[in-house]
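Residue numbers (my numbering): 11 to 451. All C-beta atoms, glycine included, are put in the ideal place defined by N, C-alpha and C. Keep in mind the model is a prediction, meaning the values are calculated, not measured. Here's the structure, in structure tokens; my notes come after.
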């Protein structure tokens with residue numbers, strides 16, 4: 011009887027340990043497995059799955075941080091380093107609006123997080139790359155390089171200061187190219203830190219002009235840059251005021267000024283050229299190139315596409331279609347539900363819409379939805395979990411890609427990256443590939 015009681019006590023104690031230390035034990039177990047032959051064998055088994063059937067010309071690799079992934083098998087084809095090998099990476103992945111390619115920071119001898127790097131691809135014609143040296147205590151130097159669409163380096167230069175990072179989950183690069191200019195945001199760190207926007211000649215890399223303002227968001231149009239400046243405090247309405255300034259790309263002079271309540275960000279819709287978006291957490295305003303307000307909606311505008319003369323907007327609250335007169339043709343979703351604070355919207359070849367929504371600061375909430383562009387009716391909706399694949403899914407972002415009959419949901423997190431493959435017709439998950447587990451001993 012005593013022996014049986016001891017056994018029961020032992021079992022109870024073990025259960026208590028498992029319950030209260032479950033997360034710790036699970037984390038240790040995962041660390042061991044990922045370092046073992048078992049994990050490598052699992053990755054090898056995934057690569058033995060039958061290759062996906064892709065149309066000819068759509069089997070180009072998927073960029074994932076510093077690697078190129080085979081779109082058919084999920085195998086790693088190439089690891090890119092700065093700069094000699096990095097320039098051989100694909101500068102675009104073949105989809106309108108794609109602007110970015112990543113490298114590994116091999117200069118400082120470690121894999122740099124996305125928050126310590128800055129890169130940009132402009133509309134498939136040229137590729138800019140940069141690497142920051144601000145982590146080195148003796149240097150605030152920064153290197154920026156410029157490539158043509160074939161990956162040939164045209165020039166590179168070292169500059170003082172630190173080039174401000176873009177926001178990959180908001181499609182806001184730190185540097186950009188338009189109108190023969192390479193634009194980047196520069197600021198020095200330390201007590202004498204100051205912000206500036208610098209324009210370089212795209213052919214030579216020489217400085218054309220430098221403005222004492224901070225570039226907020228991406229390029230507005232082929233002729234304008236945007237910056238937000240504080241315009242004081244409105245005592246009557248009890249809120250801060252913002253002054254949006256349009257800056258001419260050619261010479262850095264002021265094109266227009268517009269006063270609005272507090273604006274957190276102003277940018278451009280990558281697939282709706284010629285229009286600006288001013289937004290905060292509660293509302294968004296669509297502006298023309300002269301700063302004239304065209305449309306206002308609840309929530310934050312995330313992305314948009316053109317369908318004929320109409321514009322379709324994806325916001326944090328809903329998806330809606332606007333006519334050429336900026337009247338609402340249809341809208342889907344309830345403002346009380348919300349779709350997510352980040353995402354991506356694309357127009358499929360058959361005329362349907364596909365969009366991804368997620369919240370950047372929370373795990374496992376990525377949803378892909380296919381809807382009719384004519385009516386807004388939902389065809390299917392699928393949760394992917396492409397980002398929340400690990401305990402440390404902080405500083406993450408995701409994007410969509412479509413190849414033939416397959417939807418690729420590429421999720422990037424600090425501890426693990428995932429490519430989730432869905433059937434385009436049904437939303438059914440075909441397979442998923444997992445990469446880049448950076449385990450610190």
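C-alpha of residue 319 to C-alpha of residue 282: approximately 10 Å in a straight line. Bridge partners of residue 281 according to DSSP: 315. Take residue 393, set aside five residues on each side of it, and the residues of its chain with a beta-carbon closer than 6 Å to its own are 377, in chain order.
Where residue 418 is concerned, the enclosing beta strand (DSSP E) starts and stops at 416 to 422. Separation of the CB atoms of residue 429 and residue 72 is rounded to 7 Å, and the pair is thereby assigned contact status at 8 Å. The C-alpha of residue 261 is placed about 11 Å away from the C-alpha of residue 211. Between residue 288 and residue 312, the alpha-carbon positions lie close to 11 Å from each other. DSSP, reduced to helix, strand and coil, places residue 74 within a strand of the structure shown.
By the Cβ-count criterion, residue 388 is exposed, with fewer than 16 other Cβ atoms from all chains shown falling within 10 Å of its own Cβ. In summary, residue 277 is buried, with 16 or more beta-carbon neighbours lying within 10 Å of its beta-carbon over all protein chains present.
Separation of residue 316 and residue 322 (C-alpha to C-alpha, rounded to the nearest whole angstrom) is 6 Å. By the C-beta density criterion, residue 303 is exposed, having fewer than 16 other C-beta atoms within 10 angstroms.
Here the C-alpha atom of residue 368 lies approximately 44 Å from the C-alpha atom of residue 20. Residue 310 places its beta carbon less than 8 Å from that of residue 325. For residue 266, the enclosing beta strand (DSSP E) has its first and last residue at 264 to 271. Taking C-beta atoms as the reference points, residue 255 and residue 264 count as a pair closer than 8 Å. The shortest CA-to-CA distance from residue 300 to any of 236, 165 and 355 is the one to 236.
Beta-bridge analysis with DSSP links residue 293 to 308. Nearest in C-alpha terms to residue 337, of all of 84, 284, 259 and 305, is 305. The three-state secondary structure of residue 234, taken from DSSP, is strand. Nearest neighbour of residue 291 by Cα position, chosen from 364, 297 and 271, turns out to be 271. In the DSSP annotation of this structure, residue 387 is not part of any beta strand (DSSP E), being labelled neither H nor E.
By DSSP's assignment, residue 218 forms no beta bridge with any residue.
Assignment of beta-bridge partners to residue 336 by DSSP yields no partner. Residue burial annotation: residue 207 is buried, with at least 16 other C-beta atoms found within 10 angstroms of its C-beta. Our two residues, residue 382 and residue 216, have alpha carbons roughly 48 Å apart in a direct line.
Taking residue 412 as reference, the option from 64, 340 and 18 with the minimal CA-CA separation is 64. Remark: C-beta atoms of residue 439 and residue 416 do not approach each other more closely than 8 Å. Of the other Cβ atoms in all chains shown, 16 or more fall within 10 Å of the Cβ of residue 379; this residue is therefore buried.
In summary, residue 354 is buried, with 16 or more beta-carbon neighbours lying within 10 Å of its beta-carbon over all protein chains present. Per DSSP, residue 394 is not a residue of any beta strand (DSSP E), being assigned neither H nor E. In this structure, DSSP gives residue 18 a helical state, which the three-state scheme calls helix. Beta-bridge partners of residue 24 (DSSP): none assigned. Beta-bridge partners assigned by DSSP to residue 321: 316 and 332. With a cutoff of 8 Å on beta-carbon distance, residue 234 and residue 259 are scored as near each other. The continuous beta strand (DSSP E) containing residue 355 extends over residues 352 to 357.
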